[in-house]
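Residues are numbered in the working numbering as their position in the sequence shown, beginning at 1, plus a constant of 7. Okay, so here's the structure we're looking at.
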Amino acid sequence: MAYKIDNEYDYLFKIVLIGDSGVGKSNILSRFTRNEFCLESKSTIGVEFATRTLQVEGKTVKAQIWDTAGQERYRAITSAYYRGAVGALLVFDITKRQTFENVLRWLRELRDHADSNIVIMLAGNKSDLNHLRSVSTEDAESLAEKERLSFLETSALEALNVEKAFQTILFDIYHIISKKALAAQEATSTTGVPHGTTINVSNISDNSGNRSCCSN
Ligand SMILES: Nc1nc2c(ncn2[C@@H]2O[C@H](COP(=O)(O)OP(=O)(O)OP(=O)(O)O)[C@@H](O)[C@H]2O)c(=O)[nH]1
Ligand SMILES: [Mg+2]
């Protein structure tokens, strides 16, 4: 979902949170949108989302961040969750090796359900628990490099790199979109078509059947 709309904001970007249960997705979301953290948070059931509006390269961007359960049995219908998403934060827990091993499984799910141009960032969460670490930064970096993802270690608890993770995703999405807008403008000027430029960043439609991204 990436629309250019009225005065309230220039763009609306849908970002999905994915990763195993207990890695800290919901706390990353609450840290980013409300600056809150909960040590005893319960597993998410179904889907929740929260928004935050911020500036990216002088544009007002509203990030709509979706959060669902890592546990299969609590998850909402997968295709609806991914529909229209232009960014994904794939989270694992640096103290739980298995959550890192499962990153490839989550990438497969993204490939199956999300748009192929989706911007993905890998986040190794709970970096405050360095003494319990079971995934080295180097291992995560090399996976990220191999899979062409950006990578950061985060701590929802200490509010470390959470802001930066979302800012990086939003910045990357914005750049893809502005590049497409420029290419479309150039195409228009060479073909001589007078006006009405529409740029698709993806083929995915939202619920109302609108295009994923439009720019005038
Ligand atoms: N030490 C530490 N604990 C964290 C951090 N982030 C989350 N937690 C804790 O990890 C547990 C699980 O966090 P959640 O945010 O509920 O995890 P989730 O990924 O949303 O889990 P599901 O909803 O089941 O998929 C909670 O007890 C959190 O307090 C962090 O950065 N550091
Ligand atoms: Mg959750």
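C-beta atoms are modelled at their ideal positions from N, C-alpha and C, and glycine is treated no differently. Note that the coordinates shown come from a computational prediction; the quantities given were computed from them, not determined experimentally.
TODO: Find the nearest neighbour of Thr175 within the set Gln62, Ser50, Lys186 and Gln78, judged by alpha-carbon distance.
DONE: Gln62
- [ ] Could you tell me how far apart the beta carbons of Leu159 and Lys171 are, in whole angstroms, since I believe they sit closer than 8 Å?
- [x] 6 Å
Open item on the list: I need the boundaries of the beta strand (DSSP E) containing Lys133, first residue and last residue.
Closed with: Premise fails: Lys133 is in no beta strand (DSSP E) and is neither H nor E.
Open item on the list: Are the CB atoms of Leu19 and Lys69 within a distance shorter than 8 Å?
Closed with: A contact, by the Cβ cut-off of 8 Å.
Open item on the list: Just list the residues that DSSP pairs Tyr18 with in beta bridges.
Closed with: Val68
- [ ] Report all residues from its chain with a CB closer than 7 Å to the CB of Ala194; omit the five preceding and five following residues, and keep chain order.
- [x] none
Task: Helix, strand or coil at Ile211 [DSSP, three-state] - done: At Ile211 the pLDDT is 39, less than 50, meaning the model places this residue with poor confidence; the figure from the coordinates comes in the next sentence. For Ile211, the three-state secondary structure derived from DSSP is coil.
TODO: Name the one or two DSSP bridge partners that Thr60 has.
DONE: Lys69
- [ ] Using only alpha-carbon positions, find the residue among Trp113, His182, Asn137 and Ala163 that is nearest to Lys103.
- [x] Asn137
Open item on the list: Suppose you measure from the CA of Leu24 to the CA of Asp74; what does that come to, to the nearest Å?
Closed with: 5 Å
Open item on the list: Helix, strand or coil, according to DSSP, for Phe99 in the structure here?
Closed with: strand
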